[in-house]
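Undergrad: Sharing a structure here in structure tokens format.
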Amino acid sequence: MTKPNLFSGMQPSAGSLHLGNYLGALVNWTKMQDDYNAFYCVVDLHAITVAQDPAELRKNTRVTAAQYLAAGIDHNKSALFVQSHVPAHAQLAWVLMTITGFGEAGRMTQFKDKSQKAGSDSTSVGLFTYPILQAADILLYQPKAVPVGEDQRQHIELTRDLAARFNSRFGETFEIPEVVILKETAKIYDLQNPEAKMSKSGDPKGLVNIMDDSDSIMKKIKSAVTDTDGVIKFDREAKPGVSNLLGIHSAISGESIDALVSHFDGKGYGDLKTEVGEVVLSVIEPIRTRANELLADPAELDRLLIKGANKAQELAEVTLATVYERVGFIAPAR
Ligand code: TRP
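So for the sequence shown, my numbering puts the first residue at 1; every next one is plus one.
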């Protein structure tokens, strides 16, 4: 039996993934590789919708890919590739733009937030059409499942609407993909501000990056904000700092929160932090080491990415050719 397809994408927008990316998305992506024919795409076309330094973008694209491979995306099972290597993404995006309403695109909340912050003169048209490019990414691969965080739900809804609209106007062409929202249980909070999700735009001291050295990771975990009652128990409202530490431990060790609470019975916050630090380093160190090995040999890394792009391209071209034919373009002479 052939496996259903799966598509997801990640921005090459930082020099390192953080613990929240790893536990929230990446762990799930590696698990899903066995049940799906997975396409994982580093979306560099999306990255340039906000200003990028070219050298930085190139570097971040490789670092992002290296971390995904290091964390267990298997290039023999899944296609891990760079979006700009497969021209069909931009080509399908153009066609989909012509069936997207201006108002419809204007209702995307992520666009509204980002453009409000930037102001209209520094908001590019590319930022406006970002979700349509995202729809093209997905629809090229006829996936059944698109695993994303809750913040991407509206973009996947748009993708489904555009697929259904194209199908009804031009005939059945696209699979209507299902959104798979990644589990909230693996939600990781900022160590300094444990009411907010861990994020690269938060306090750097509250952020655990995979590529950071072990000493500074340990230091950040040991300085995590807790509270003054001295009791180790799980209560997101009253004890967000301690609960976050327990949550991180549990997400990595697989121990239940209850088991951890009895394990730490009679111990202090110092013990909790030291053990959480050790558990975190036990998963991060091998990933960082492997990622650095991959980055030390960029020719080999690029070869793996081209292998992924070739696999992606094969399917993307078939879908694009069908779309071009359906909308009435003359097939180019070969
Ligand atoms: N917009 C997504 C994000 O910021 C990244 C992305 C681009 C994506 N294309 C995609 C995610 C297609 C899923 C499917 O996280």
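Note that the Cβ used here is the ideal one computed from N, Cα and C, for glycine as well.
State the DSSP-derived secondary structure class of P143, mapped to helix, strand or coil.
TA: DSSP places P143 in coil when its eight states are reduced to three.
Undergrad: State the beta-bridge partners of M10 as determined by DSSP.
TA: Partner(s): V42.
Undergrad: Considering only residues of the same chain and omitting the five flanking positions on each side of A93, which have a CB-CB separation below 6 Å?
TA: So the qualifying residues of the chain are I132, L133, A136.
Undergrad: For L304, I'd like the list of residues in its chain whose CB is within less than 6 Å of its CB, leaving aside the five on either flank, ordered along the chain.
TA: Within the same chain, L304 has close Cβ partners H75.
Undergrad: Using a Cβ-based criterion (distance less than 7 Å to any ligand heavy atom), does H155 qualify as near the ligand TRP?
TA: Yes - the ligand TRP has a heavy atom lying nearer than 7 Å to the Cβ of H155.
Undergrad: Let me know if Q116 comes out buried or exposed under the rule of 16 or more other beta-carbons within 10 Å of its beta-carbon.
TA: Burial call: exposed.
Undergrad: Between H85 and the ligand TRP, is the CB less than 7 Å from at least one heavy atom?
TA: Outside the cutoff, so no.
Undergrad: Would the beta-carbon of G206 fall within 8 Å of that of D229?
TA: Contact: no.
Undergrad: Under three-state DSSP, which class holds K197?
TA: Three-state result, K197: strand.
Undergrad: Do V276 and I248 have their beta-carbon atoms positioned less than 8 Å apart in this structure?
TA: Yes, the pair counts as a contact, with Cβ atoms nearer than the cut-off.
Undergrad: Would you check whether the ligand TRP has a heavy atom nearer than 7 Å to the C-beta of I48?
TA: Because no heavy atom of the ligand TRP lies under 7 Å away, the Cβ of I48 does not count as near it: no.
Undergrad: What separation, rounded to the nearest whole angstrom, lies between the Cα atoms of G224 and M108?
TA: It is Ala, not Gly, that sits at residue 224 in the sequence shown. Cα to Cα, the separation comes out at about 35 Å.
Undergrad: Between L26 and A71, what straight-line distance do the alpha-carbon atoms span, to the nearest angstrom?
TA: For L26 and A71, the distance between alpha carbons rounds to 7 Å.
Undergrad: Terminal residues of the continuous beta strand (DSSP E) containing I181?
TA: It spans 178-181 - the beta strand (DSSP E) in which I181 sits, taken as one unbroken run.
Undergrad: Relative to the C-alpha of R58, which residue among A51, Q67, Y68, D44 is closest?
TA: Checked all of A51, Q67, Y68, D44; the closest Cα to R58 is D44.
Undergrad: Do you know offhand how far F174's Cα is from H85's?
TA: In a straight line, the C-alpha of F174 is about 22 Å away from that of H85.
Undergrad: For P240, I'd like the list of residues in its chain whose CB is within less than 6 Å of its CB, leaving aside the five on either flank, ordered along the chain.
TA: Contacts found: P194, E195.
Undergrad: Is it true that the CB of N28 sits closer than 8 Å to the CB of Y141?
TA: Not closer than 8 Å, so no.
Undergrad: Rounded to a whole number of angstroms, what is the C-alpha to C-alpha distance between E325 and R165?
TA: So the two alpha carbons sit approximately 16 Å from each other.
Undergrad: Can you list the alpha helix (DSSP H) stretches of 4 or more residues lying completely in the stretch 209-234, in chain order?
TA: The qualifying runs are 214-222.
Undergrad: Does DSSP put A296 in a helix, in a strand, or in coil?
TA: Note: A296 maps to helix in three-state DSSP.
Undergrad: Taking V63 as part of the alpha helix (DSSP H), name the residues at either end of that continuous run.
TA: Here the alpha helix (DSSP H) through V63 covers 54-70.
Undergrad: Which same chain residues, not among the five before or five after F128, have their C-beta less than 7 Å away from its C-beta?
TA: Around F128: A105, F111.
Undergrad: For D203, which residues in the same chain have their Cβ closer than 7 Å to its Cβ, ignoring the five residues on either side in sequence?
TA: D190, Q192, N193.
Undergrad: If you measure from the CB of Q134, is any heavy atom of the ligand TRP nearer than 7 Å?
TA: Checking every heavy atom of the ligand TRP against the Cβ of Q134, one is found closer than 7 Å.
Undergrad: If you compare alpha carbons, which of D53, G24, F39, M32 is closest to A14?
TA: When only C-alpha atoms are compared, the closest one is D53.
Undergrad: Cutting at 6 Å between CB atoms, please list the residues of its own chain near I252, excluding the five before and the five after it.
TA: Result list for I252: V279, V283, in chain order.
Undergrad: In the DSSP assignment, find the unbroken beta strand (DSSP E) run with L80 in it and report its ends.
TA: Segment 79-82, the beta strand (DSSP E) holding L80.
Undergrad: Counting only the same chain and skipping the five closest in sequence on each side, list residues whose C-beta sits under 8 Å from that of G149.
TA: The answer, listed in chain order, is G24, A25, I181, L182.
Undergrad: Which of the three DSSP states is assigned to K187 in this structure?
TA: K187 falls in the coil class under three-state DSSP.
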